[in-house]
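First up is the structure itself, then whatever we jot down about it.
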Amino acid sequence: MDRPLLSLRSALIFLLALLTGGAASGLTAVAGEGPARSLLAGLAAIGLAVPFFNRLIASEDRAVQPPSAAGASTVMKEGHE
Numbered sequence: 012m013d014r015p016l017l018s019l020r021s022a023l024i025f026l027l028a029l030l031t032g033g034a035a036s037g038l039t040a041v042a043g044e045g046p047a048r049s050l051l052a053g054l055a056a057i058g059l060a061v062p063f064f065n066r067l068i069a070s071e072d073r074a075v076q077p078p079s080a081a082g083a084s085t086v087m088k089e090g091h092e
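If you read the sequence shown in this note's numbering, its first letter stands for residue 12, the second for the next number, and so on.
This is the structure in structure tokens:
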């Protein structure tokens with residue numbers, strides 16, 4: 012097996028989700044809630060953070076078109092009129 016178990020993108024998404032869940036759990040504990048509610052708040056934050064960071068971090072398959080290609084056609088049209 013020559014390739015890693017997780018891609019770098021997946022590892023980053025899970026790491027950011029775990030940090031988000033830890034922060035939510037810690038803030039809930041500091042607010043005076045019990046350990047069970049703090050754990051549930053952290054797990055809920057992880058569950059919401061995974062899809063958020065998945066959409067936020069662009070995948071390699073969806074390469075963004077360079078803005079110069081889109082702007083060149085409008086400049087050419089304006090110059091010919």
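Glycine residues also receive a C-beta, built at the ideal position from the N, C-alpha and C atoms.
On a predicted model such as this, the values are computed, not experimentally measured, just so you know.
Query	Result
Give the range of the alpha helix (DSSP H) segment to which P8 is assigned.	The chain is shown only over 12 to 92; residue 8 falls outside these bounds and no answer can be derived.
Whole angstroms is fine: what's the gap from A34's alpha carbon to I24's?	15 Å
Between which two residues does the alpha helix (DSSP H) containing R14 stretch?	Taken as a continuous stretch (DSSP letters only), R14 belongs to no alpha helix (DSSP H), as it is neither H nor E.
Answer with buried or exposed for G53, where buried requires no fewer than 16 other C-beta atoms within 10 angstroms of its C-beta.	buried
Given this structure, state the Cα-to-Cα distance separating T31 from P15, to the nearest angstrom.	24 Å
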